[in-house]
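Enquirer: Please read through the structure below; I'll follow up with questions.
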Amino acid sequence: MVERLSRAAQNEIINIVTILLGLAVGSRLSADKFLTMETLGILLLGALAFCIGTAAGVIMGKIMHRVTGGKVNPLIGAAGVIGSAVAAGVLLALVGG
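Under my numbering, read the sequence shown as residues 3 to 99, first letter to last.
Quick look at the structure:
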């Protein structure tokens, strides 16, 4: 039961973050600058970094789950990565020119 709920929660978190990141990136770009090689490269590297960070967070959460005997939810690692991505987006919106 818990495993099924954690997978469902993970899918919903990914959907919400995708929407928020899409809105944040889309609101800052004009149409003539979006499809350049530099922008696409930045988006690709950002997606790769986000995937690696989320995977590492979940792996560390699973390690903590096993070490504590099930007292730590493994999704805490993914939540920390998502929080960092949102914080970085807000920081870029506030500081970026």
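Here a beta-carbon is modelled for each residue, glycine too, at the ideal position from N, C-alpha and C.
Reducing DSSP to helix, strand and coil, say where Thr41 ends up.
Expert: Walking along the sequence shown from the start, residue 41 turns up at place 39. Reduced to three states, the DSSP call for Thr41 is helix.
Enquirer: Can you give the Cα-Cα distance for Leu77 and Gly59, rounded to whole angstroms?
Expert: Taking the first residue of the sequence shown as 1, we reach residue 77 at position 75. Taking the first residue of the sequence shown as 1, we reach residue 59 at position 57. Approximately 8 Å between the Cα atoms of the pair.
Enquirer: Leaving aside the five residues before and after Phe52 along the sequence, list all residues of the same chain whose C-beta is less than 8 Å from its C-beta, in chain order.
Expert: Residue 52 sits at position 50 when you count from the first residue of the sequence shown. Excluding residues within five positions, the ones whose Cβ falls inside 8 Å are Val83 and Ala87.
Enquirer: Taking the alpha helix (DSSP H) that Ser86 falls in, what are its first and last residues?
Expert: Sequence index remark: in the sequence shown, residue 86 carries index 84 (1-based). First-last of the alpha helix (DSSP H) with Ser86: Ile78 to Val97.
Enquirer: If you draw a straight line from the C-alpha of Ser32 to the C-alpha of Gly72, how long is it?
Expert: The count along the sequence shown starts at 1 and reaches residue 32 at position 30. The count along the sequence shown starts at 1 and reaches residue 72 at position 70. Computed Cα separation, rounded: 47 Å.
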